[in-house]
Amino acid sequence: MIRNRASGPGLRDAPPTTSRPAVARIADDGAVAHRLNVAGGPAARPGTRRGFAETLAGADSAADAERRRGLRRMKVVASSFLLGATMVFLVCTWAQSHGAAPWVGYVRAAAEAGMVGALADWFAVTALFKHPLGIPIPHTAIIKRKKDQLGEGLGDFVRENFMSADVVAMKLRDAQVAFRAGRWLADPAHAERVAAEASTVLRVLVEMLRDEDVQQVLDRMIVKRVAEPQWGPPIGRVLASLLEAGRQEALIQLLADRAFEWSLNAGEVIERVIERDSPSWSPRWVDSLIGDRIHRELMDFTDKVRRNPDHELRRSATKFLFEFAADLQNDAVTIQRAENVKEQIMARDEVTKAAETAWTAAKRILMEAVDDPNSTLRARIADSAVHIGESLRDDPDLQDKVDNWIVRAAQHLVSEYGTEITAVITETIERWDADEASRRIELHVGRDLQFIRINGTVVGALAGLVIYSVAQVLF
Numbered sequence: 055m056i057r058n059r060a061s062g063p064g065l066r067d068a069p070p071t072t073s074r075p076a077v078a079r080i081a082d083d084g085a086v087a088h089r090l091n092v093a094g095g096p097a098a099r100p101g102t103r104r105g106f107a108e109t110l111a112g113a114d115s116a117a118d119a120e121r122r123r124g125l126r127r128m129k130v131v132a133s134s135f136l137l138g139a140t141m142v143f144l145v146c147t148w149a150q151s152h153g154a155a156p157w158v159g160y161v162r163a164a165a166e167a168g169m170v171g172a173l174a175d176w177f178a179v180t181a182l183f184k185h186p187l188g189i190p191i192p193h194t195a196i197i198k199r200k201k202d203q204l205g206e207g208l209g210d211f212v213r214e215n216f217m218s219a220d221v222v223a224m225k226l227r228d229a230q231v232a233f234r235a236g237r238w239l240a241d242p243a244h245a246e247r248v249a250a251e252a253s254t255v256l257r258v259l260v261e262m263l264r265d266e267d268v269q270q271v272l273d274r275m276i277v278k279r280v281a282e283p284q285w286g287p288p289i290g291r292v293l294a295s296l297l298e299a300g301r302q303e304a305l306i307q308l309l310a311d312r313a314f315e316w317s318l319n320a321g322e323v324i325e326r327v328i329e330r331d332s333p334s335w336s337p338r339w340v341d342s343l344i345g346d347r348i349h350r351e352l353m354d355f356t357d358k359v360r361r362n363p364d365h366e367l368r369r370s371a372t373k374f375l376f377e378f379a380a381d382l383q384n385d386a387v388t389i390q391r392a393e394n395v396k397e398q399i400m401a402r403d404e405v406t407k408a409a410e411t412a413w414t415a416a417k418r419i420l421m422e423a424v425d426d427p428n429s430t431l432r433a434r435i436a437d438s439a440v441h442i443g444e445s446l447r448d449d450p451d452l453q454d455k456v457d458n459w460i461v462r463a464a465q466h467l468v469s470e471y472g473t474e475i476t477a478v479i480t481e482t483i484e485r486w487d488a489d490e491a492s493r494r495i496e497l498h499v500g501r502d503l504q505f506i507r508i509n510g511t512v513v514g515a516l517a518g519l520v521i522y523s524v525a526q527v528l529f
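What follows is the structure in structure tokens.
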């Protein structure tokens with residue numbers, strides 16, 4: 055019996071994947087090893103190549119330990135069949151040399167053939183992973199020598215059978231992704247879970263953002279962009295378009311109404327101004343007459359402006375607005391005055407700190423909303439999820455549309471990147487150390503292969519018994 059010499063911490067540290075096919079588990083192990091190596095696992099010693107098993111340091115060793123015990127037990131069982139057949143053969147040979155009964159020959163023939171079958175299958179199973187008895191016999195240690203071809207074959211198999219656009223489309227349509235997703239989302243409990251997960255993601259994203267970076271982005275995108283162009287020409291164009299549409303009449307009417315309302319109560323103001331500015335020798339009754347006359351004229355004038363849409367003052371105001379709109383677009387002096395006003399506005403603290411203030415407030419509101427299970431944000435996310443789920447669940451046309459989107463997206467990914475996806479399998483297996491890969495494959499599938507040795511012993515014994523019996527009958 056050739057015992058498994060694979061040992062060491064590397065082989066004991068593999069993740070438990072007993073429920074998956076052996077080849078898939080081995081491919082996953084290689085992918086994990088590559089990720090750990092890239093992520094910066096324990097550094098290899100200078101001058102040595104980091105082994106595949108070493109890259110799995112720190113993984114769960116319980117599953118591999120159990121596999122190793124199972125492999126060892128099955129090797130002992132298979133070898134015991136070989137040993138049993140050998141012992142039976144030797145005993146029968148001795149018995150025949152001392153004149154044993156004829157039936158001993160049948161047993162001897164069965165044991166002899168079973169021994170040969172056991173040895174042949176031991177050689178076949180061992181030759182997959184190593185050189186039998188350490189002798190470099192040609193075409194042995196197949197997995198170690200053909201590791202890269204195995205990876206290529208596995209990659210081709212996956213690409214041809216799983217990365218086909220037709221296969222992907224059929225599987226996705228059979229899965230009814232839209233209907234199942236809608237049925238799941240329509241459950242309020244699931245919708246609340248979606249809202250909670252979305253809130254967690256939002257919190258993580260917000261915490262990942264540096265306040266200074268966000269403020270700089272907001273400042274460049276909003277504040278600086280608003281300040282960069284000249285304000286005069288665009289304001290003038292907007293004002294001109296409003297004037298051409300006659301929008302100024304509503305504003306002028308509003309001003310005229312307010313002016314008339316003010317004039318009704320302006321008597322005391324007019325009286326104070328006259329008393330302040332009139333000569334000291336002017337009689338009081340004269341000041342009163344003058345004030346009353348001014349008040350009446352003011353009320354009459356504002357009333358005429360208010361009532362007459364074609365009043366001269368209103369035409370003058372409209373003319374001024376047209377001229378002002380043209381000057382904002384074409385007059386250098388007016389444009390510069392507008393720029394001066396812009397600079398004064400942009401220099402105010404309220405504007406320079408607008409990005410900081412906006413982000414601080416938005417962040418505070420968002421964090422409070424994601425942390426509060428009863429917040430409006432979470433409620434709206436949950437309600438939206440339920441609404442989307444009900445639509446997907448109950449609307450066959452919408453289901454077809456969503457399924458078609460998913461199928462087209464998957465087909466595009468498979469068509470464009472199928473080769474790159476399956477290349478992960480090939481490249482991962484190529485990165486494996488040959489000895490470690492052979493040992494790991496044996497660890498995963500070797501236990502099942504020991505049944506080949508057992509079956510070889512049994513089938514060989516039966517075949518030998520049949521052949522010996524036929525020979526005795528014929529000759």
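With my numbering, the residue at position 126 of the sequence shown is 180, and numbering never jumps.
Ideal placement from N, C-alpha and C gives every residue a C-beta, glycine not left out.
Sequence-distant residues of its chain with Cβ nearer than 6 Å to A488 (five each side left out) = Residue 488 sits at position 434 when you count from the first residue of the sequence shown. Answer for A488: K198 and K201, listed in chain order.
Exposure of R326, with buried meaning 16 or more beta-carbon neighbours within 10 Å | In the sequence shown, the residue the question calls residue 326 occupies position 272. Flag for R326 reads exposed.
Contiguous alpha helix (DSSP H) assignments of at least 4 residues, all confined to the region 277-339 | Counting whole runs of 4 or more residues, the region 277-339 contains the alpha helix (DSSP H) stretches 278-281, 286-298, 302-318 and 321-331.
Buried or exposed: where does T356 fall if 16 or more other Cβ atoms within 10 Å of its Cβ makes it buried?
-> Position 302 of the sequence shown holds residue 356. Buried.
Which two residues bound the contiguous alpha helix (DSSP H) that contains G472?
-> Taking the sequence shown and counting its residues from 1, one reaches residue 472 at position 418. Note, G472: alpha helix (DSSP H), P450 to R485.
Distance, Cα to Cα, L516 vs A167?
-> Here residue 516 is taken as the residue at index 462 of the sequence shown, counted from 1. Here residue 167 is taken as the residue at index 113 of the sequence shown, counted from 1. Those two C-alpha atoms are separated by around 8 Å.
Taking 8 Å as the cut-off, decide whether the C-beta atoms of L375 and P287 are in contact.
-> By 1-based counting over the sequence shown, the position of residue 375 is 321. By 1-based counting over the sequence shown, the position of residue 287 is 233. Not closer than 8 Å, so no.
Three or more C-beta pairs closer than 8 Å, one from the region 397-409 and one from the region 238-252: is that the case here?
-> A contact between stretches requires three or more CB pairs, one per stretch, nearer than 8 Å, and the region 397-409 fails this requirement with the region 238-252.
Taking the alpha-carbon positions, what's the T71 to R279 distance?
-> Taking the sequence shown and counting its residues from 1, the one referred to as residue 71 is at position 17. Taking the sequence shown and counting its residues from 1, the one referred to as residue 279 is at position 225. The predicted model places T71 with a pLDDT of 38, which falls under 50 and marks its position as unreliable; any figure quoted below should be read in that light. Cα to Cα, T71 sits roughly 56 Å from R279.
Roughly how many angstroms lie between the CA atoms of H349 and G321, to the nearest whole one?
-> As a first step, residue 349 must be located in the sequence shown, where it is residue number 295. As a first step, residue 321 must be located in the sequence shown, where it is residue number 267. Their Cα atoms are separated by approximately 6 Å.
How would you label L497, buried or exposed, when you count the other beta carbons within 10 angstroms and need 16 or more for buried?
-> One-based indexing of the sequence shown puts residue 497 at position 443. So L497 counts as buried.
Evaluate K373 with the Cβ neighbour count: other Cβ atoms within 10 Å of its Cβ, from every protein chain shown; 16 or more gives buried, anything less gives exposed.
-> The sequence position of residue 373 within the sequence shown is 319, counting from 1. Exposed, because fewer than 16 other Cβ atoms sit within 10 Å of the Cβ of K373.
Reducing DSSP to helix, strand and coil, say where R199 ends up.
-> Working through the sequence shown from its first residue, we reach residue 199 at position 145. It is helical.
Evaluate L519 with the Cβ neighbour count: other Cβ atoms within 10 Å of its Cβ, from every protein chain shown; 16 or more gives buried, anything less gives exposed.
-> Position 465 of the sequence shown, counting from 1, holds the residue named residue 519. That one is buried.
Starting from the Cα of A235, find the closest Cα among I442, D451 and W459 and give me that residue.
-> Counting from one through the sequence shown, the residue named residue 235 turns up at place 181. Comparing alpha carbon positions, the residue from I442, D451 and W459 closest to A235 is I442.
Own chain residues within Cβ distance below 8 Å of D311, not counting five before or after = Residue mapping note: residue 311 aligns to position 257 of the sequence shown, counting from 1. Closer than 8 Å at the Cβ level, and outside the excluded window around D311, lie R360.
If you draw a straight line from the C-alpha of R89 to the C-alpha of A243, how long is it?
-> Translated into the one-based positions of the sequence shown, residue 89 becomes position 35. Translated into the one-based positions of the sequence shown, residue 243 becomes position 189. For R89, the predicted structure reports a pLDDT of 37, less than 50, and the residue's modelled location is therefore unreliable. A value from the coordinates is still provided. For R89 and A243, the distance between alpha carbons rounds to 36 Å.
The region 212-232 contacting the region 446-458, beta-carbon criterion three pairs below 8 Å | yes
Euclidean distance between Cα positions of A85 and W486 | Here residue 85 is taken as the residue at index 31 of the sequence shown, counted from 1. Here residue 486 is taken as the residue at index 432 of the sequence shown, counted from 1. Per-residue confidence for A85 stands at a pLDDT of 39, beneath the threshold of 50, marking its modelled position as unreliable; no derived number is given.
Only counting runs of 4 or more residues, tell me where the alpha helix (DSSP H) segments fall wholly within the region 194-250, in order along the chain.
-> For the region 194-250, the full-length alpha helix (DSSP H) segments reaching 4 residues or more read 196-199, 201-215, 219-229 and 231-239 along the chain.
The ligand MG heavy atom lying under 7 Å from the CB of V323 | Looking for the ligand MG in the displayed structure turns up nothing, as the structure carries no ligands at all.
Would you decide whether K129 is buried or exposed? Buried here means 16 or more other CB atoms lie within 10 Å of its CB.
-> Working through the sequence shown from its first residue, we reach residue 129 at position 75. The residue is buried, with at least 16 neighbouring Cβ atoms inside 10 Å.
In angstroms with no decimal places, state the Cα-to-Cα distance between Q203 and W157.
-> The residue labelled residue 203 in the question sits at position 149 within the sequence shown. The residue labelled residue 157 in the question sits at position 103 within the sequence shown. Roughly 51 Å between the two C-alpha positions.
Pairwise C-alpha distance: A139 and A223 | For the purposes of this step, residue 223 is taken as the residue at position 169 of the sequence shown. For the purposes of this step, residue 139 is taken as the residue at position 85 of the sequence shown. Straight-line Cα distance between these residues: approximately 55 Å.
Going by the beta-carbon positions, is the gap between V405 and V277 smaller than 8 Å?
-> Position 351 of the sequence shown holds residue 405. Position 223 of the sequence shown holds residue 277. V405 places its beta carbon less than 8 Å from that of V277.
Give me the Cα-Cα distance between G500 and A181, rounded to the nearest whole angstrom.
-> Counting from 1 along the sequence shown, the entry for residue 500 is found at position 446. Counting from 1 along the sequence shown, the entry for residue 181 is found at position 127. Spanning the two alpha carbons is a distance of roughly 12 Å.
Sequence-distant residues of its chain with Cβ nearer than 8 Å to K184 (five each side left out) = As a first step, residue 184 is located in the sequence shown; it is residue number 130 there, counting from the start. Within its own chain, the residues whose Cβ lies closer than 8 Å to the Cβ of K184, once the five positions on either side in sequence are excluded, are T194, A195, K198 and S492, listed in chain order.
Report the residue from R447, A525, S115 and K407 whose alpha carbon sits nearest the alpha carbon of E266.
-> Translated into positions along the sequence shown, residue 266 becomes position 212. Nearest of R447, A525, S115 and K407 to E266, Cα basis: K407.
Local Cβ density within 10 Å of I495, reported as buried at 16 or more and exposed below that = Numbered from its first residue, the sequence shown carries residue 495 at position 441. A residue is called buried once 16 or more other Cβ atoms fall within 10 Å of its Cβ, and I495 is buried on that count.
In angstroms with no decimal places, state the Cα-to-Cα distance between Y471 and R462.
-> Counting from one through the sequence shown, the residue named residue 471 turns up at place 417. Counting from one through the sequence shown, the residue named residue 462 turns up at place 408. Rounded to whole angstroms, Y471 to R462 spans 14 Å at the Cα level.
Cβ of I306 within 8 Å of Cβ of A379?
-> Counted from its first residue, the sequence shown places residue 306 at position 252. Counted from its first residue, the sequence shown places residue 379 at position 325. Not in contact: I306 and A379 (Cβ atoms no closer than 8 Å).
DSSP state of R493, grouped into three classes?
-> Working through the sequence shown from its first residue, we reach residue 493 at position 439. DSSP places R493 in helix when its eight states are reduced to three.
Identify, in the order they occur along the chain, each residue of the same chain with its Cβ nearer than 7 Å to the Cβ of G510, setting aside the five sequence neighbours on each side.
-> Within the sequence shown, residue 510 is the residue found at index 456, counting from 1. Only G171, A172, A174 and D175 meet the Cβ criterion.
Sequence-distant residues of its chain with Cβ nearer than 7 Å to I328 (five each side left out) | The residue labelled residue 328 in the question sits at position 274 within the sequence shown. Around I328: D341, I344 and G345.
Note down, in chain order, each residue of its chain lying with its Cβ closer than 6 Å to the Cβ of R368, except the 5 sequence neighbours on either side.
-> For the purposes of this step, residue 368 is taken as residue 314 along the sequence shown, with counting starting at 1. Within the same chain, R368 has close Cβ partners I306.
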